[in-house]
Structure formats: C-alpha cells, structure tokens
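Q: Chains as they are written, first to last, in this note's numbering: chain A, 9 to 365; chain B, 9 to 365. Beta carbons: idealized from backbone N, C-alpha and C, even for Gly. For clarity, every value in this text was computed on a predicted model and none was experimentally measured. Could you have a look at this structure, given as structure tokens, before my questions?
Structure, rendered in structure tokens:
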C-alpha cells in the first residue's frame with residue numbers, strides 16, 4: 009500500500025533489526041521504529057507500537073528469527089514473545105511457524121519470511137472474496153483498524169474495500185473512532201485517506217443509529233480470534249455493532265485469515281479477553297494547536313476506569329466469515345469446510361477427498 | 009446536591025441575570041456563568057454550557073422571564089430561545105409555561121420559578137419511584153449525564169441512584185464516557201464523585217460486553233423526548249445499550265418527567281435528531297499535564313465526521329418509564345395512564361374518574 013504515494017510495508021526485516029511503522033505516532037507522523045532484540049520486539053507489541061492480530065504474528069515471527077540470529081536462548085525468547093498479549097491467536101501461529109524451522113537461524117528467517125508472504129497472499133485473497141459483497145457505492149461500516157497497518161499490505165476487513173475501490177465501485181466507509189485507543193479515527197481514517205477511499209469518522213455510539221436509519225449496507229470487521237463454532241473475538245464494540253446489524257437485517261461479516269481461527273477453542277466463551285490499562289480510557293491522545301502530540305485527561309482526577317479490550321460476537325450474529333479460501337458460514341461446519349478447502353489447495357493434484365473436517 | 013460539601017443548584021435566578029454552572033469547564037473547574045439577556049441565554053444553550061433536556065427547559069423559562077424584565081420583544085425572544093436546540097421537548101414546555109403568564113414580568117418570573125420547583129419535585133419523585141428497582145449493591149449502567157447537572161437538584165436517571173445511596177443500598181454505577189462530548193466521563197463521574205457513589209468509567213463500546221458478561225443488573229438512562237407510544241430519544245448510544253440489554257434480559261428503564269413526553273408525536277420516527285458540529289468528533293477536550301484545558305485533534309487533518317447527537321430507542325426495548333407519577337410501561341397505554349394519574353393528582357379531591365386518556 010501507499011504512504012504519500014510510495015509503496016511501503018508496515019513491518020520489514022533488515023540485518024540491523026526489524027523495522028516497523030510506529031502506530032502510536034499515526035496519523036500525526038510516520039515514524040519508523042527498529043526492534044534490535046527480543047525485548048524490543050516484545051515491548052513494541054505490548055505498547056501497541058505494532059498491533060493488529062495478523063501483524064503481531066508476523067512481527068513475532070521475525071522477532072523469533074532475530075532471537076536465533078542473535079544467539080539468544082530460544083525457549084526464553086518464545087516465552088517472552090508469546091506472553092506479550094493474550095487474545096490474538098496469530099501471535100502463536102507466527103512463533104510456531106518459525107520454531108518448526110529451528111535451530112538454524114537462516115532457515116528460521118526463511119520460515120518467518122514465508123509466514124509473512126503467506127499472510128500477504130491470504131489478505132489479498134480475502135480482498136478478492138470479500139469484493140463479491142460490494143456493489144457500486146456500497147456503504148460499509150467498519151470498526152477499529154483491520155487494514156494494511158494491521159495485516160501486511162492489504163488488511164482483512166479493509167482488503168475488500170481496497171479491491172472495491174480499485175475496481176471502480178466507489179465504496180463509502182463509516183469509520184467508528186474506536187475508543188479508547190482510537191484506531192479507527194487515527195489509523196483507519198489515515199489509511200483510507202492515503203488510498204483515496206471516501207469515508208467519514210463517527211463516534212462509536214453512532215453506529216447503531218446509522219444502521220437503524222438504513223444508512224449502512226454492510227458491516228465488515230476483522231477478528232483477533234475465531235472459535236471453532238464461529239464465535240469471533242474482536243475489538244471492544246464489535247459485538248454491539250453485530251447486535252444492531254442483526255436487528256435491522258444488515259449483513260455482518262468478519263474478515264479473517266485461517267490463521268486467526270482457533271479450532272482448539274470450542275466457543276467464544278473460552279477466548280481470554282485482555283484487560284488493558286485504565287489510563288487508555290481516562291485519557292485521550294491527539295495533537296494540540298501547535299501540532300504537538302499531547303495526552304489529555306478527560307475525567308475528574310482520581311476517577312477509575314475499566315478497560316476490556318475485546319468482546320465476543322456470537323456466531324449466530326455473523327452472516328459469514330471472509331477467509332482466504334472463500335466466504336464460509338460462521339459455524340462448526342463452515343469453519344471445517346474452510347480448513348478442508350485450504351488442505352485441498354495445498355495437496356499435490358489439487359482437490360483431494362481424504363480430509364473430512 | 010453538594011459541590012465540595014456545599015449545597016448548590018446548577019441554574020439560579022438573580023436580579024443581575026441567570027446564573028449557571030458552566031458545564032463545559034467541568035470536571036476541571038467549577039465555573040459560574042451569568043446570562044444577562046436573551047442572546048446570552050440562547051448562546052449558553054447552543055454551546056451546551058447549559059445542557060440536559062429538563063435543565064434547558066428551566067433555563068429557557070428563566071430566560072423568557074428575563075426578556076420580559078428587560079422589556080424585550082416577547083415574540084422575538086420566544087423565537088430565539090425556542091430555536092436553540094431541536095430535540096428536547098422541555099425547551100418548549102418551559103417557554104410555554106412562562107408565556108402563559110405574560111405580559112406581567114413579575115408574574116412571568118413567578119411562573120418560571122414555579123416551573124423550576126415543579127421540575128425539582130418531579131425529579132425527586134422519579135428518584136423515589138426508581139428506588140424500587142434497586143437492591144443492595146445493584147450494578148447500574150447509565151449513559152451521558154442525566155444527573156443533577158441536567159435536571160435541577162436530583163437528575164432523572166441518577167435520582168434513583170442518589171436515593172439508593174442515601175438509603176444505604178450501596179449502588180455501583182458503570183458510567184459510559186459518552187463520546188463525542190464525554191458527558192459521562194466529565195459530568196456524571198464528577199457528580200457521583202462529589203456525592204460519594206461508587207462508579208467506574210468505561211468506553212462506550214464496553215457497555216454491551218459488560219451486559220453480555222452478566223456484570224450489569226439494570227440499565228437506566230434519561231430521555232430528551234419520549235413519543236406517545238413510548239419510543240424514547242436520548243443521547244446517541246442509548247439505542248445500542250437497549251439492544252444489548254434486551255439480548256441478555258437485563259431491564260432497561262428510561263427515567264423522564266412527564267414534561268419530556270410529547271403526546272403530539274406518535275412514534276420516535278417523528279422526533280427530529282440534532283446533527284451537531286463535526287469538530288466534536290474530530291477533537292477531544294481535556295486537561296494536559298500542566299492542568300490547562302486543551303482541545304486535541306484525534307484524526308488526520310482534513311478528515312470529515314458525522315455527528316448525530318441523539319438516537320431513538322423503540323418502546324419494545326424499554327422495560328418501563330420512571331416518571332414522577334410512578335413507573336409505567338413504555339406504550340400508548342402506559343403513557344396515557346401516567347398522564348391520567350398526573351391529572352388526578354392535581355384535581356381537587358384527589359383521584360377523579362372523568363379522564364380517559
């Protein structure tokens with residue numbers, strides 16, 4: 009994707025460390041960070057300089073390869089990286105892909121690159137499948153940031169939007185600001201602006217009203233983890249959008265690569281929900297009149313906050329899951345079918361018949 | 009109610025003008041404004057220095073009496089004040105109560121005082137009736153600010169909370185911050201803190217999650233206008249809380265005096281929804297490290313926003329309406345019953361039989 013007209017990735021490997029666009033500085037500045045050891049990789053994930061479930065997986069994969077390159081103890085590195093955040097499954101899939109290639113650092117780096125490339129291909133395929141949900145002028149509501157800042161090069165929820173824009177369908181996007189961290193207002197609005205896609209930012213509370221008034225044709229979000237039955241954990245606020253979409257017959261799709269689906273988890277009730285620091289709710293960061301990035305407190309001094317970072321949308325509210333192997337129902341069956349298709353696609357000779365999900 | 013231990017009203021008349029706590033400065037500073045003519049009264053409502061449907065009614069009532077006192081043209085004053093905001097019915101009920109006493113300025117002021125006193129009595133009665141919804145330790149979720157800053161002395165949604173606290177029931181309040189203007193984070197949190205009621209602030213998006221997780225016993229909000237069938241317009245975001253409460257069998261009550269009920273409007277679809285300036289969404293106001301009140305921009309430069317200020321909750325999602333004459337069903341019948349009770353109460357000899365709503 010483009011930043012001021014230049015092609016750019018959000019995370020990339022180089023011999024002096026792993027480079028990343030620091031998402032805490034956006035949209036005010038495009039700031040490039042470099043993580044030079046495992047601890048710096050872990051910290052960048054914890055403070056959400058690098059964020060978005062699939063991107064965390066890619067970044068952790070490179071981080072684990074970096075640990076090998078630096079001669080660090082691999083078990084300790086794995087433990088440090090895997091403990092950074094609790095909800096996104098991709099964190100472990102990224103680490104595991106690289107661990108399977110241990111101990112040769114060059115082979116591990118190749119595994120990280122392959123994991124990265126596969127993620128990009130999956131995201132683009134999600135875009136292609138999701139494009140079928142669009143007509144000319146489709147008005148889509150999204151939440152948080154599931155664009156190319158969260159998933160290398162294409163995004164998940166935004167991948168179909170970018171495909172639709174390139175196909176000349178002129179999509180329109182309602183961007184919910186996504187308190188407390190404002191990933192919608194800061195990141196999604198920035199991405200859409202750089203790509204020239206028409207959009208408007210709304211307060212999170214306005215989503216249900218716009219759906220009720222018939223102003224939204226499609227709700228499309230990403231996911232941090234999907235259970236085997238199709239229940240989906242995503243950024244806090246996703247669930248209330250799904251309730252509103254269901255109440256008004258508006259289709260609600262989750263866009264997620266298979267790497268986000270955790271078949272070891274039966275239902276969404278088992279997905280751990282991260283509680284983040286209360287300061288994220290008590291304060292807001294933005295730029296003041298002088299252009300400086302400042303954090304302001306919006307509550308009385310001493311006020312306490314509660315800050316659950318994700319919620320779980322039950323599968324019955326999800327019209328379908330847009331994956332890299334097609335759009336499948338949010339159900340045990342639909343998800344089994346998706347994995348069957350993926351297995352078939354990787355089998356020599358194409359579609360086999362041996363796999364029964 | 010108390011501010012730093014001192015009894016205080018939020019709006020009061022004096023001979024040099026109408027005094028008010030400027031709600032834009034809270035919770036950082038308790039700043040007293042004075043509106044000395046009709047234009048200053050109108051501006052204070054428009055910029056939301058004075059806000060909350062019932063309080064707008066009281067303030068406009070005093071403002072109209074002030075116009076008479078100053079010898080201003082009454083028709084022009086009525087037009088100016090009634091055009092300040094479009095959603096709250098109380099604006100007109102306050103003005104009409106004073107207009108009925110025209111043209112004698114002293115009689116008009118007495119009418120404004122009577123309207124104010126009646127509002128305080130109604131709010132306290134709402135508290136008394138709403139108290140029946142509380143047990144020991146009830147966890148209530150509210151939205152925006154429907155406390156004594158919005159309704160003289162007691163509030164509507166918060167009146168039962170204050171009654172419960174004084175009855176030793178130790179209520180706990182989830183305060184949704186209420187973007188874009190953050191009336192929950194700034195005003196409700198401040199009120200509850202001053203009154204010593206346990207509470208925690210949450211991002212608006214967290215409400216449905218807490219309801220889903222069984223952490224909320226009761227949802228209680230105010231209303232800006234209620235239609236004859238029980239549909240209720242209130243601060244944007246109320247509707248999604250009602251959807252979540254309904255999905256999980258949590259009772260959802262609207263607390264509103266009869267002056268908020270517009271029997272001339274059949275359903276909520278007819279209630280005009282105010283669109284407010286997009287800067288409210290694009291920016292956030294708070295205090296920086298030095299304690300100064302600053303406004304920061306949270307979106308990329310040039311980003312557009314949409315800012316509907318209210319939404320309509322359909323009556324079928326409302327468990328009941330807490331009024332000054334008791335809790336009634338949110339339906340044509342329930343509302344007719346409430347007005348019948350009110351008419352009976354004002355008739356000499358108590359309950360009459362002639363009124364059939």
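Would you kindly check if the distance between the Cβ of residue 246 of chain A and the Cβ of residue 152 of chain A is under 9 Å?
A: Taking the first chain and counting its residues from 1, one reaches residue 152 of chain A at position 144. Taking the first chain and counting its residues from 1, one reaches residue 246 of chain A at position 238. Contact flag set, yes.
Q: Take residue 305 of chain B as the anchor and find which of A:274, A:269 and A:298 has the nearest alpha-carbon.
A: Counting from one through the second chain, the residue named residue 305 of chain B turns up at place 297. Among A:274, A:269 and A:298, the Cα nearest to that of residue 305 of chain B is on A:298.
Q: In three-state DSSP terms, what is residue 113 of chain B?
A: Taking the first residue of the second chain as position 1, residue 113 of chain B is located at position 105. Note: residue 113 of chain B maps to helix in three-state DSSP.
Q: Could you check whether residue 26 of chain B and residue 157 of chain B sit closer than 9 Å to each other, using their CB atoms as the reference points?
A: Counting from 1 along the second chain, the entry for residue 157 of chain B is found at position 149. Counting from 1 along the second chain, the entry for residue 26 of chain B is found at position 18. No. Outside cutoff.
Q: Suppose contacts are defined by Cβ-Cβ distances below 9 Å. Is residue 159 of chain B in contact with residue 63 of chain B by that definition?
A: Locating residue 159 of chain B in the second chain gives position 151, counting from the first residue. Locating residue 63 of chain B in the second chain gives position 55, counting from the first residue. The answer is yes: Cβ separation under 9 Å.
Q: So which residues on chain A does residue 323 of chain B lean against when the C-beta distance must stay under 8 Å?
A: Here residue 323 of chain B is taken as the residue at index 315 of the second chain, counted from 1. Those do not exist, as residue 323 of chain B stays about 14 Å from chain A at its closest Cβ, beyond 8 Å.
Q: Among the residues of its own chain, which have a CB less than 7 Å from the CB of residue 223 of chain B, if the five just before and after it don't count?
A: Taking the first residue of the second chain as 1, we reach residue 223 of chain B at position 215. If we look at residue 223 of chain B and ignore the five residues flanking it on each side, its Cβ neighbours are 147.
Q: To which residues of the same chain is residue 128 of chain A closer than 6 Å at the C-beta, ignoring the five residues directly before and after it?
A: Locating residue 128 of chain A in the first chain gives position 120, counting from the first residue. So the list reads 160 and 161, once near-sequence residues are dropped.
Q: With distances taken between CB atoms, is the gap from residue 85 of chain A to residue 55 of chain A smaller than 9 Å?
A: Translated into positions along the first chain, residue 85 of chain A becomes position 77. Translated into positions along the first chain, residue 55 of chain A becomes position 47. No. Outside cutoff.
Q: Would you please verify whether the beta carbon of residue 295 of chain A is less than 9 Å from any beta carbon of chain B?
A: The count along the first chain starts at 1 and reaches residue 295 of chain A at position 287. By this cut-off, residue 295 of chain A is an interface position.
Q: Residue 70 of chain A to residue 121 of chain A, Cα distance in whole Å?
A: Working through the first chain from its first residue, we reach residue 70 of chain A at position 62. Working through the first chain from its first residue, we reach residue 121 of chain A at position 113. For residue 70 of chain A and residue 121 of chain A, the distance between alpha carbons rounds to 8 Å.
Q: Hey, which unbroken runs of the alpha helix (DSSP H) at 4 residues or more fall wholly within the region 92-154 of chain B?
A: Within the region 92-154 of chain B, the complete alpha helix (DSSP H) runs of at least 4 residues are 98-107 and 113-138.
Q: Do residue 65 of chain B and residue 339 of chain B count as a contact pair if the criterion is CB distance below 9 Å?
A: Here residue 339 of chain B refers to the residue found at position 331 of the second chain. Here residue 65 of chain B refers to the residue found at position 57 of the second chain. For residue 339 of chain B and residue 65 of chain B, no; Cβs fall outside 9 Å.
Q: Buried or exposed: where does residue 144 of chain B fall if 16 or more other Cβ atoms within 10 Å of its Cβ makes it buried?
A: For this step, residue 144 of chain B is matched to residue 136 along the second chain. It is exposed - the Cβ of residue 144 of chain B has fewer than 16 other Cβ atoms within 10 Å.
Q: Among residues of its own chain, excluding the 5 on either side of residue 198 of chain B, which ones have a beta-carbon nearer than 7 Å to its beta-carbon?
A: One-based indexing of the second chain puts residue 198 of chain B at position 190. Contacts found: 34 and 35.
Q: One question on the structure: do residue 258 of chain A and residue 219 of chain A come within less than 9 Å of each other, judged by their Cβ atoms?
A: Locating residue 258 of chain A in the first chain gives position 250, counting from the first residue. Locating residue 219 of chain A in the first chain gives position 211, counting from the first residue. Result yes, Cβ atoms of residue 258 of chain A and residue 219 of chain A sit closer than 9 Å.
Q: Does the structure place the region 102-115 of chain A close enough to the region 68-83 of chain A that three or more beta carbon pairs sit under 8 Å?
A: As far as the Cβ criterion goes, the region 68-83 of chain A touches the region 102-115 of chain A, which means the pair count is three or higher.
Q: I'd like to confirm the pairing. Which residues does DSSP put opposite residue 269 of chain B in its beta bridges?
A: Translated into the one-based positions of the second chain, residue 269 of chain B becomes position 261. In the DSSP output, where bridge partners are listed per residue, residue 269 of chain B has B:234.
Q: Entirely within the region 247-304 of chain A and at least 4 residues each: give me those alpha helix (DSSP H) ranges in chain order.
A: Here the runs fully enclosed are 287-290.
Q: Pull up the DSSP beta-bridge partners for residue 14 of chain B, would you.
A: Residue numbering aside, residue 14 of chain B sits at position 6 when the second chain is read from its first letter. DSSP output for residue 14 of chain B lists B:11 as bridge partner(s).
Q: Please say whether residue 232 of chain B and residue 318 of chain B have beta carbons closer to each other than 9 Å?
A: Counting from one through the second chain, the residue named residue 318 of chain B turns up at place 310. Counting from one through the second chain, the residue named residue 232 of chain B turns up at place 224. Closer than 9 Å, so yes.
Q: Anything in the region 224-255 of chain A with a Cβ closer than 7 Å to a Cβ of chain B? List those residues in chain order, please.
A: Against chain B - using a Cβ distance shorter than 7 Å - the residues of the region 224-255 of chain A are 244, 245, 247, 248, 251, 252 and 255.
Q: What residues of chain A sit near residue 220 of chain B, judged by a beta carbon separation below 8 Å?
A: Residue numbering aside, residue 220 of chain B sits at position 212 when the second chain is read from its first letter. The answer, in chain order, is 247, 319 and 320.
Q: How close, in whole Å, do the beta carbons of residue 252 of chain A and residue 215 of chain A come, if the pair is a contact with beta carbons under 8 Å?
A: Position 244 of the first chain holds residue 252 of chain A. Position 207 of the first chain holds residue 215 of chain A. Rounded, the Cβ-Cβ distance is 6 Å, consistent with contact.
Q: Name the two residues that bound the continuous beta strand (DSSP E) containing residue 243 of chain B.
A: For the purposes of this step, residue 243 of chain B is taken as the residue at position 235 of the second chain. Residue 243 of chain B -> beta strand (DSSP E) spans 240-243.
Q: Starting from the C-beta of residue 330 of chain A, find all residues in its chain whose C-beta is less than 6 Å away, skip the five residues before and the five after it, and write them out in chain order.
A: Here residue 330 of chain A is taken as the residue at index 322 of the first chain, counted from 1. Result list for residue 330 of chain A: 134, 137, 138, 261 and 263, in chain order.
Q: Counting only the same chain and skipping the five closest in sequence on each side, list residues whose C-beta sits under 6 Å from that of residue 295 of chain A.
A: Stepping through the first chain from its first residue, residue 295 of chain A is reached at position 287. Only 36 and 301 meet the Cβ criterion.
Q: Does residue 57 of chain B come out as helix, strand or coil in the three-state DSSP assignment?
A: Here residue 57 of chain B is taken as the residue at index 49 of the second chain, counted from 1. In the structure shown, residue 57 of chain B sits in coil (DSSP, three-state: anything other than H, G, I, E or B).
Q: Determine, using beta carbons only, whether residue 315 of chain A and residue 276 of chain A come nearer to each other than 9 Å.
A: As a working note, residue 315 of chain A is residue 307 in the first chain. As a working note, residue 276 of chain A is residue 268 in the first chain. Contact: no.
Q: Mind checking residue 155 of chain A: buried by the 16 CB within 10 Å criterion, or exposed?
A: The count along the first chain starts at 1 and reaches residue 155 of chain A at position 147. Residue 155 of chain A comes out buried.
Q: Taking its Cβ as the centre, do 16 or more other Cβ atoms sit within 10 Å of residue 112 of chain A, making it buried, or is it exposed?
A: Numbered from 1 along the first chain, position 104 holds the residue referred to as residue 112 of chain A. Looking at its Cβ environment, which holds fewer than 16 other Cβ atoms inside 10 Å, residue 112 of chain A is exposed.
Q: Where does residue 41 of chain A fall in DSSP's three states?
A: Taking the first chain and counting its residues from 1, one reaches residue 41 of chain A at position 33. DSSP places residue 41 of chain A in strand when its eight states are reduced to three.
Q: Taking 6 Å as the limit between beta carbons, can you name the residues of its chain near residue 345 of chain A, skipping five residues before and five after?
A: For this step, residue 345 of chain A is matched to residue 337 along the first chain. Closer than 6 Å at the Cβ level, and outside the excluded window around residue 345 of chain A, lie 336.
Q: The alpha helix (DSSP H) with residue 90 of chain B in it runs from where to where?
A: Walking along the second chain from the start, residue 90 of chain B turns up at place 82. Looking at the DSSP string, the run of the alpha helix (DSSP H) that includes residue 90 of chain B is 82-90.
Q: Going along the chain, which residues of the region 12-33 of chain B sit with their C-beta nearer than 8 Å to a C-beta in chain A?
A: Cβ contacts with chain A come from no residue of the region 12-33 of chain B.
Q: Helix, strand or coil: which one does DSSP assign to residue 168 of chain B?
A: Counting from one through the second chain, the residue named residue 168 of chain B turns up at place 160. Residue 168 of chain B: helix per DSSP, three-state reduction.
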